[in-house]
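One structure below.
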Amino acid sequence: DAERALFDALVHPGTADADLHNSNEWMKARIFDLKDRHHKPKEDTKTMNATLTRKLGRSDIEISALGLGCWAIGGGYTWGDQDENLSIETIRTAIDSGINMLDTAEFYSNGYSEEVVGKALEGQRDNMMIATKVWVDNMSAEGIITACEGSLKRMKTDYIDLYQIHWPNREVPLEETLT
118 DAERALFDAL VHPGTADADL HNSNEWMKAR IFDLKDRHHK PKEDTKTMNA
168 TLTRKLGRSD IEISALGLGC WAIGGGYTWG DQDENLSIET IRTAIDSGIN
218 MLDTAEFYSN GYSEEVVGKA LEGQRDNMMI ATKVWVDNMS AEGIITACEG
268 SLKRMKTDYI DLYQIHWPNR EVPLEETLT
């Protein structure tokens, strides 16, 4: 079925060049390959997307069955330098392919991943679901507010759909973090 084909295209790329496997270019190639093999023509996009969505938990928020993780987009010591324009194009290609959920974090290259997400979503924010995460160092009541405001500014948005704890901080009571 279509969901299995999407999963296989992204998780089992088959002939992907090993040097590209962990890069934006690899992801873009997988999405384009996916579109070529499994994406219906533009006029049928809504039909395809409707079969590939899920409710987010118990909410009424509809998200695509596949989301785009944006850790690598930040580059840095783990992923190496990334081309910002290619990263933006990758996000927009994912959107054109029916993906409406992006996952990022304030920690990914000190917020740079969130900045790229914000640039890529200009003019399309209302159609997307953004999940981002607060880092362990910002779990105090004051710290989480400051971190959230920073994420909002970097992504050029006035709301975050899903704000998550990236990693627990055992030194800050959970009750404080959640208030």
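So the sequence shown is numbered by the working numbering: it starts at 118 and just counts up by one. Positions of the beta carbon are idealized from the N, C-alpha and C atoms, including for glycine. Since we're looking at a predicted model, the values are computed, not measured.
For residue i, which residues in the same chain have their Cβ closer than 6 Å to its Cβ, ignoring the five residues on either side in sequence?
i: Y280; result: none
i: V253; result: W284, N286
i: L185; result: A211, I216, L219
i: T221; result: C187, S230, E231, V234, T249
i: M256; result: N286, V289, T294
Check whether chain B comes within 8 Å of residue i, counting only Cβ atoms and requiring the distance to be less than that.
i: D220; result: Going by chain labels, chain B is absent from the structure shown, which holds only one protein chain.
Could you tell me the alpha carbon to alpha carbon distance between residue i and residue j, rounded to whole angstroms?
i: K273; j: T296; result: 24 Å
i: I180; j: I282; result: 20 Å
i: M246; j: G197; result: 27 Å
i: P290; j: A258; result: 10 Å
i: H155; j: K270; result: Low local confidence applies: a pLDDT of 42 at H155 is under 50, so the model's placement there is unreliable, and no value is given.
i: R175; j: E206; result: 32 Å
i: G240; j: R209; result: 11 Å
i: G260; j: D275; result: 18 Å
i: D243; j: G192; result: 26 Å
Decide if residue i is buried, meaning its Cβ has at least 16 other Cβ atoms within 10 Å, or exposed.
i: S226; result: buried
i: T195; result: exposed
I'd like the list of long-range same chain contacts for residue i, defined as Cβ closer than 7 Å, with 5 residues on each side in sequence excluded.
i: I190; result: N141, Q199, S204, S230, V233
i: E201; result: V233
i: A237; result: I205, I208, R209
Within this structure, are the beta carbons of residue i and residue j separated by less than 8 Å?
i: T249; j: I277; result: yes
i: G267; j: G228; result: yes
i: A264; j: E292; result: no
i: L169; j: A182; result: yes
So if DSSP puts residue i in a beta bridge, which residue, or which two residues, is it bridged to?
i: S268; result: The partner list for S268 (beta bridge, DSSP) is empty, contrary to what the question assumes.
i: Q281; result: K250
i: T170; result: S181
i: H218; result: What sits at residue 218 in the sequence shown is Met, not His. Answer by DSSP bridge pairing, in chain order: M246.
i: G186; result: D220
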